[in-house]
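Numbering (my numbering), first residue to last: 13 to 93. C-beta: ideal position from N, C-alpha, C; glycine also.
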């Protein structure tokens, strides 16, 4: 497992999109509570609620979850293709 904070994942996503996407992920809040588990597809900007909110987007059945720099994200090892 690779572990990132929300801020580190944001930076890694922009540095190498393919290195952090399409991997099984577990996202925890700052208190260690599990917020989401699924295949991470992207970080995306949601402007639908009158403001800008970055969200974790999943290609699995889990809905989008608001991003926070204090989150802890565990990513399964990247599959070698």
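Secondary structure of residue 67 (DSSP, three-state): strand.
Going by DSSP, residue 50 is part of the beta strand (DSSP E) stretching over 46 to 58. When 47, 27, 26 and 30 are compared, the shortest CA-CA separation from residue 85 is found for 47.
Apart from the 5 residues on each side of it in sequence, residue 15 sits with its Cβ closer than 6 Å to the Cβ of 86 in its chain, given in chain order. The Cβ atoms of residue 71 and residue 51 sit closer than 8 Å to each other.
In the three-state scheme derived from DSSP, where H, G and I count as helix and E and B as strand, residue 88 is classed as coil.
If you draw a straight line from the Cα of residue 45 to the Cα of residue 25, it comes to about 23 Å.
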